[in-house]
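Participant: Numbering (UniProt numbering), first residue to last: 1 to 650. If you scroll down you'll find the structure; I have some questions about it.
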């Protein structure tokens with residue numbers, strides 16, 4: 001109720017009140033601003049006077065309440081508000097009645113599986129009729145049951161699709177639910193049409209309590225003579241005739257897929273129709289649920305294998321069933337034989353966002369088509385005209401004369417069968433060699449198809465200079481191992497190759513593949529250069545060890561303190577314990593220890609501290625020497641004055 005006291009502006013939505021359900025907060029904020037700008041009022045809660053409900057999902061309490069009890073509410077999508085706001089900003093004149101043109105279709109963007117419905121003409125719940133009603137209201141009718149399916153429409157409590165729907169928690173409803181929802185103009189709650197909980201005679205009772213307020217239709221949906229029903233039956237008859245004609249024409253065709261039974265997952269309705277036509281024409285079978293006869297699980301090439309549901313992976317592990325993508329069908333039809341190769345295996349990683357510009361050369365036919373699709377699913381851009389701003393050039397090895405005999409290292413990739421792409425013509429070979437020369441000039445790496453394939457295996461960019469796919473690697477592709485190498489790379493300098501170390505020498509072996517590409521297509525391997533490079537590697541390792549030892553010895557040398565920093569002497573606090581006198585009275589003459597007087601009796605007089613006459617000086621030195629030789633005196637200090645002073649303080 002935040003909009004209750006908000007000032008109301010004049011506009012096309014003046015007096016119209018809106019609310020929303022299952023709309024993210026960021027989008028709701030934008031909708032509130034646009035609606036208020038056009039004069040409307042936006043409420044967070046569903047008020048009694050709300051006129052329009054902006055729907056994000058039908059499976060909410062607000063939507064179910066309005067479908068059952070509020071016939072006066074219009075259901076629209078958020079896109080409708082955005083569209084009308086743009087028109088209003090551009091100066092178009094309209095009022096709130098325009099919302100009638102933007103009411104959301106009943107089954108908009110909903111997938112509905114139809115199972116075991118009758119094809120008998122004249123029956124109300126005819127399969128063709130139900131399918132037509134769903135299509136006319138922007139839904140997607142299908143015979144395949146997927147995890148993304150919203151509803152299953154059937155009249156029988158049996159079958160694989162019925163059982164799986166219950167297992168996955170997908171509502172199983174009676175066909176009357178389709179007719180009632182179309183009549184109401186909104187999806188009615190499936191609980192009232194659940195065939196496992198309701199009798200056929202009471203199906204749909206209580207689903208809507210405002211039937212008397214629903215505007216009447218142009219025709220009765222429950223009458224088999226209505227124009228929609230008649231149109232659906234005519235379309236069904238024509239499709240049956242076309243199917244019989246197609247079967248008779250292709251009866252003598254090559255049964256390439258004879259004996260194969262496909263279970264699909266992840267395809268759209270249009271893709272399913274095309275796949276079904278191809279598989280059927282070539283003698284194969286296509287089923288919508290698992291059966292013992294299933295031999296292959298068919299998934300899109302854009303779907304990684306990890307996206308396959310666990311229930312299907314269990315079937316793969318417990319049954320003799322292979323997993324392939326639609327490239328299996330493409331290659332089999334192109335080569336007119338079953339092609340179970342690495343191209344048909346689902347990739348580990350797709351839908352990446354690498355944003356690389358990649359140009360290809362030397363590919364043709366189905367391989368060119370699939371390489372283009374591979375670049376697309378990796379999140380890269382395929383550049384048709386090779387230009388200096390490209391990041392990579394992927395070439396067909398055979399188009400430049402490379403094969404297993406003259407370049408075995410390039411064919412050591414674990415999926416080597418993807419490299420067996422025969423060139424289309426001699427002209428294509430010359431074009432590829434010209435592009436390689438241009439790549440060398442522009443400093444663009446030249447790689448084989450194995451590099452792109454490895455990206456889909458790892459989900460990241462592998463080492464570009466790996467000998468399994470690198471044909472030409474520019475100097476800028478070599479990673480720096482220290483700051484000196486980095487500075488050389490920045491300044492364009494790099495004459496000292498020995499500083500690059502062991503890894504760079506190994507990468508030089510990889511870069512020898514570029515020398516193998518000659519104009520006449522003849523490839524020569526220089527084994528002596530490889531051995532010489534290995535010797536250089538060992539020599540560099542010894543130099544590194546030597547430099548490391550020298551650096552370690554330097555670090556072990558003790559540091560000499562700086563003479564500029566003189567440490568301040570710290571003298572003991574106790575009197576009489578100092579090793580050096582702190583009296584700054586100049587040179588003093590020590591008293592004679594031969595005196596009979598005790599030090600405690602004042603033997604230290606002022607005359608003793610002064611330098612006497614010459615006649616006494618020699619005598620004192622003599623007495624001092626004798627005293628030192630005979631005995632060591634006991635020296636004590638009189639501390640009684642200090643004690644007396646402390647007593648007075650107390």
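Glycine included, each C-beta is placed from N, C-alpha and C at the ideal position. It should be emphasised that the depicted structure is a prediction, and the values quoted were computed from it without experimental measurement.
(1) Would you report the Cα separation of residue 286 and residue 142, rounded to the nearest angstrom?
(2) Between the stretch 308 to 323 and the stretch 276 to 285, do three or more beta carbon pairs fall short of 8 Å?
(3) Give a yes or no on contact between the stretch 346 to 364 and the stretch 300 to 307, applying the rule of three or more CB pairs nearer than 8 Å.
(4) Are the CB atoms of residue 374 and residue 439 nearer to each other than 7 Å?
(5) Classify residue 276: buried if its beta carbon has 16 or more other beta carbons within 10 angstroms, exposed otherwise.
(6) Indicate whether residue 115 and residue 184 have their beta-carbon atoms separated by less than 7 Å.
(7) Would you mind working out which of 18, 66, 30 sits nearest residue 41, comparing C-alpha positions?
(8) Answer with buried or exposed for residue 158, where buried requires no fewer than 16 other C-beta atoms within 10 angstroms of its C-beta.
(9) Tell me whether residue 32 is buried or exposed, calling it buried when 16 or more other Cβ atoms sit within 10 Å of its Cβ.
(10) Does DSSP put residue 268 in a helix, a strand or coil?
(11) Let me check one thing: in DSSP terms, what residues is residue 194 bridge-paired to?
(12) List the DSSP bridge partners of residue 141.
(13) Would you grab the beta carbon distance between residue 26 and residue 60 for me? Rounded to a whole angstrom, and I think it's under 8 Å.
(14) Can you round the beta-carbon distance between residue 398 and residue 453 to whole angstroms, since I take them to be within the 8 Å contact cut?
(15) Looking at the structure shown, is residue 255 part of a helix, part of a strand, or coil, going by DSSP?
(16) Taking the CB atoms as reference points, tell me whether residue 369 and residue 186 lie closer together than 7 Å.
(17) Could you check where the beta strand (DSSP E) with residue 392 kicks off and where it finishes?
(18) Taking the beta strand (DSSP E) that residue 298 belongs to, which residues open and close that run?
(19) So, at 7 Å on beta carbons, what are the nonlocal neighbours of residue 431 in its own chain, with the 5 sequence-adjacent residues on each side left out?
(20) In the structure shown, what three-state DSSP assignment does residue 232 receive?
(21) Find out if the Cβ-Cβ distance for the pair residue 341, residue 366 is shorter than 7 Å.
(22) On the DSSP letters alone, give me the boundaries of the beta strand (DSSP E) that residue 692 sits inside.
(23) Check the DSSP bridge columns for residue 325 and list the partner residues they point to.
(24) With distances taken Cα to Cα, identify the nearest neighbour of residue 472 among 290, 433, 363.
(25) Quick one: what's got a C-beta closer than 8 Å to residue 464's C-beta in the same chain, skipping five residues either side?
(26) When you compare the stretch 372 to 386 with the stretch 404 to 413, are there three or more beta-carbon pairs, one atom per stretch, that lie closer than 8 Å?
(27) Tell me the residue span of the alpha helix (DSSP H) that contains residue 54.
(28) What are the boundary residues of the alpha helix (DSSP H) that includes residue 64?
(29) Can you name, in chain order, every residue of its own chain whose Cβ lies under 7 Å from the Cβ of residue 10, other than the five neighbours on each side?
(30) Within the continuous beta strand (DSSP E) that includes residue 360, where are the two ends?
(31) Let's test the definition: count the other Cβ atoms within 10 Å of the Cβ of residue 219 and tell me whether it reaches 16, buried, or not, exposed.
(32) Grab the span of the alpha helix (DSSP H) containing residue 35 for me, first residue to last.
(33) For residue 350, which three-state DSSP category applies?
(34) Between residue 388 and residue 442, which are expected to be in contact by the criterion C-beta below 8 Å, what is the C-beta distance as a whole number of angstroms?
(35) State yes or no: is the C-beta of residue 383 within less than 7 Å of the C-beta of residue 357?
(36) Tell me which residue opens and which closes the beta strand (DSSP E) that residue 134 is part of.
Facilitator: On the basis of the coordinates in this document:
(1) 14 Å
(2) no
(3) yes
(4) no
(5) buried
(6) no
(7) 18
(8) exposed
(9) buried
(10) coil
(11) 173
(12) 112
(13) In fact, because the Cβ distance is near 18 Å, the residues do not count as touching under 8 Å.
(14) Incorrect: roughly 16 Å between the Cβ atoms, too far for contact.
(15) coil
(16) no
(17) 392 to 395
(18) 296 to 299
(19) 361
(20) helix
(21) no
(22) As shown, the chain starts at 1 and ends at 650. That puts residue 692 outside it, with no answer to give.
(23) 299
(24) 433
(25) 445, 447, 451, 470, 473, 477
(26) no
(27) Unbroken run through residue 54 is the beta strand (DSSP E), 52 to 55; no alpha helix (DSSP H).
(28) 61 to 69
(29) 39
(30) 357 to 361
(31) exposed
(32) 25 to 37
(33) coil
(34) 5 Å
(35) yes
(36) Looking at the DSSP string, residue 134 is not in any beta strand (DSSP E); the run it does join, the alpha helix (DSSP H), is 127 to 136.
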